[in-house]
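Residue numbers (the working numbering): 1197 to 1742.
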């Protein structure tokens, strides 16, 4: 076949293939705040076709042998023949996560106060009226609520009188949960669905997002097995219907956060969304409304998306209108603020900027993107991130704001806009650093954002660096996101300006951004992450996962 006759579809499939073996590669969807940063510095992600929905990134195999046996154990079904092999080894001794009754009950109370009004995975009346509480379900609820500020003093086990850190407590509870699920310790399908759905809200380590998505897939699978999507839950007071719509919300969120296809399609649902609003609390109604918007937005990032459609330009509901429609103005203020951050994060990805050599005229979706990022920064100036509801949608929304401001920093022609963008990035990074104790994606994004700020400072101080052109840079290589090559603090900047004055040079009032070369190669690894949006699925590029 002549090369000139190869179809664009075949070319697209060729470019979409991972350059490395699938076991050594990871897919990052275009809804990821980090996707474009990876794109420019990974040798296997070059020559992307504009139809692509993401990039394949080569991954180091440092942990391949170490994780082989563990991954094999995790893939074994609870009722499979291989289960017996697990029992014969180290799995005989499950991780201990025994809490005293008072601490456990306090965590459960906080869960129902803070989380369940938004995402009703567990029916409170049913749970309270059950004399013998399902142990794994209790652990799963404690796992999710352990990230709440109110829960900190209850994060301890019987042998640890002093409270543990949020990360240490959650890691131990999660290990115990995984063991229990793998051993098939919970046979009730509804309880198992609830446990897996709660586990999907937790992410730990470099494979955390993969495990999170897998837990949700299993929860949805079991839900479909018993017909949750068909409305066969009469006699349960609507609790199972609310559970299904919670899974639907998580399915849409997982598509954006983890770059996976939606696992619950509207055509497969035998329930009416309008009825879900009627039986749900105000906070849940808001999440349903945002998820409806997200369903439309995800279409912009699918393989069949039209290239000439840049965003959702019409009929986009405002957050205030959603509050009115859902009767949610009396909802607790921190809950409203948390949902507003998620709303604006979703609004940011309602515009999908595509690579172009010429500036584009503003559109409703591009203006919405910019204003939503600004609104997130405004919120963070008045509300401590630690007081927000500890769901992964919070760091996701803030990370999308970082990505938006970084693009402004790199592309804006206005010096004032660049200065403001740098300040906004710093505000968002500080918020992510506060959330990093319990959120691995927040920690990753905070490290990347801080590195971007340090590298911008290095560029603005050194005229030699500002003159560095991308044309003279070597072939693109992925550099670990460790400490930047040029650590520049505020004192160093002041000293530089003072020296410049003594030398007869005028210090830059904008911190040197007026001479900032947007083609500077030290920022290329930032570009590969912050350009496209959606999936927080980070490759292994040297971040200190813990």
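We treat Cβ as the ideally placed atom computed from N, Cα and C, and that holds for glycine.
Computed from a predicted structure; not experimentally measured.
Go through its chain and collect everything with a Cβ distance to residue 1399's Cβ below 8 Å, but skip five positions before and after it. If you number the chain shown from 1, residue 1399 lands on position 203. These residues qualify, in order along the chain: 1405, 1407, 1408, 1588, 1635, 1636, 1637.
Buried or exposed: residue 1325, going by 16 or more other Cβ atoms within 10 Å of its Cβ?
By one-based count along the chain shown, residue 1325 stands at place 129. Exposed: under 16 other Cβ atoms inside 10 Å.
(Q) Measuring alpha carbon to alpha carbon, tell me which residue in 1531, 1361, 1451 is nearest residue 1312. (A) If you number the chain shown from 1, residue 1312 lands on position 116. Ranking 1531, 1361, 1451 by Cα distance to residue 1312 puts 1531 first.
Are the beta-carbon atoms belonging to residue 1300 and residue 1334 less than 8 Å from one another?
Here residue 1300 is taken as the residue at index 104 of the chain shown, counted from 1. Here residue 1334 is taken as the residue at index 138 of the chain shown, counted from 1. Yes.
- prompt: Whose C-beta lies closer than 7 Å to the C-beta of residue 1525 among residues of the same chain, with five residues either side of it excluded?
  reply: For this step, residue 1525 is matched to residue 329 along the chain shown. Answer for residue 1525: 1519, listed in chain order.
Rounded separation between residue 1370 and residue 1396 - CA only:
By 1-based counting over the chain shown, the position of residue 1370 is 174. By 1-based counting over the chain shown, the position of residue 1396 is 200. So the two alpha carbons sit approximately 11 Å from each other.
Check: Considering only C-alpha positions, which residue in the set 1631, 1615, 1642, 1337 is nearest to residue 1310?
Finding: On the chain shown, position 114 is the one that residue 1310 refers to. Cα-wise, what sits closest to residue 1310 is 1337.
- request: Report the option in 1547, 1567, 1645, 1319 whose CA atom is closest to the CA atom of residue 1442.
  value: Within the chain shown, numbered from 1, the residue matching residue 1442 stands at position 246. With distances taken between Cα atoms, residue 1442 lies closest to 1319.
For this session: Keeping to the same chain, check which residues put their C-beta closer than 7 Å to that of residue 1481; ignore five residues upstream and five downstream.
Result: To locate residue 1481, count along the chain shown from 1; it is residue 285. Taken in chain order, the residues that qualify are 1473, 1522, 1524.
DSSP beta-bridge partners of residue 1547: By 1-based counting over the chain shown, the position of residue 1547 is 351. Looking at the DSSP assignment, residue 1547 forms a beta bridge with 1507.
Exercise. State the DSSP-derived secondary structure class of residue 1500, mapped to helix, strand or coil.
Key: As a first step, residue 1500 is located in the chain shown; it is residue number 304 there, counting from the start. Residue 1500 falls in the coil class under three-state DSSP.
Would you say residue 1539 and residue 1486 are within 8 Å of each other, going by their C-beta atoms?
Here residue 1539 refers to the residue found at position 343 when the chain shown is read from its first residue. Here residue 1486 refers to the residue found at position 290 when the chain shown is read from its first residue. Yes, they are a contact pair.
- Rank 1633, 1653, 1648, 1641 by C-alpha distance to the C-alpha of residue 1345 and give the top, closest one. Counted from its first residue, the chain shown places residue 1345 at position 149. Looking at the Cα atoms, 1633 is the closest of the given residues.
Q. Grouping DSSP H, G and I as helix and E and B as strand, with all else coil, what is residue 1353?
A. Position 157 of the chain shown, counted from the start, is the residue given in the question as residue 1353. It is coil, neither helix nor strand.
Quiz item: Does the separation of the CB atoms of residue 1351 and residue 1360 fall below 8 Å?
Solution: Mapped onto the chain shown, residue 1351 falls at position 155. Mapped onto the chain shown, residue 1360 falls at position 164. Yes, Cβ-Cβ distance for residue 1351 and residue 1360 is below 8 Å.
TODO: Report back the beta-carbon spacing between residue 1388 and residue 1418 to the nearest angstrom; my notes put them in contact at under 8 Å.
DONE: Counting from 1 along the chain shown, the entry for residue 1388 is found at position 192. Counting from 1 along the chain shown, the entry for residue 1418 is found at position 222. The pair is a contact, with the Cβ atoms about 6 Å apart (cut-off 8 Å).
Evaluate residue 1563 with the Cβ neighbour count: other Cβ atoms within 10 Å of its Cβ, from every protein chain shown; 16 or more gives buried, anything less gives exposed. The residue you call residue 1563 lines up with position 367 of the chain shown. Answer is exposed; the Cβ neighbour count stays below 16.
Query - First through last residue of the alpha helix (DSSP H) which encompasses residue 1388 - result: Translated into positions along the chain shown, residue 1388 becomes position 192. Residue 1388 -> alpha helix (DSSP H) spans 1385-1395.
Tell me, to the nearest whole angstrom, how far the beta carbon of residue 1513 is from that of residue 1489; I am working on the premise that it is less than 8 Å. Here residue 1513 is taken as the residue at index 317 of the chain shown, counted from 1. Here residue 1489 is taken as the residue at index 293 of the chain shown, counted from 1. Yes, they are in contact, since the Cβ atoms of residue 1513 and residue 1489 sit about 7 Å apart, within 8 Å.
Alpha helix (DSSP H) containing residue 1560: first to last residue?
Along the chain shown, read from residue 1 onward, the residue named residue 1560 stands at position 364. It spans 1560-1578 - the alpha helix (DSSP H) in which residue 1560 sits, taken as one unbroken run.
(Q) Can you tell me whether residue 1345 is helix, strand or coil according to DSSP? (A) In the chain shown, the residue the question calls residue 1345 occupies position 149. Residue 1345 falls in the helix class under three-state DSSP.
Span of the alpha helix (DSSP H) around residue 1451
Residue 1451 sits at position 255 when you count from the first residue of the chain shown. It spans 1435-1453 - the alpha helix (DSSP H) in which residue 1451 sits, taken as one unbroken run.
*Measure the alpha-carbon distance for residue 1590 versus residue 1440 and round it to whole angstroms.*
Looking up residue 1590 in the chain shown gives position 394. Looking up residue 1440 in the chain shown gives position 244. Each residue's alpha carbon lies about 22 Å from the other.
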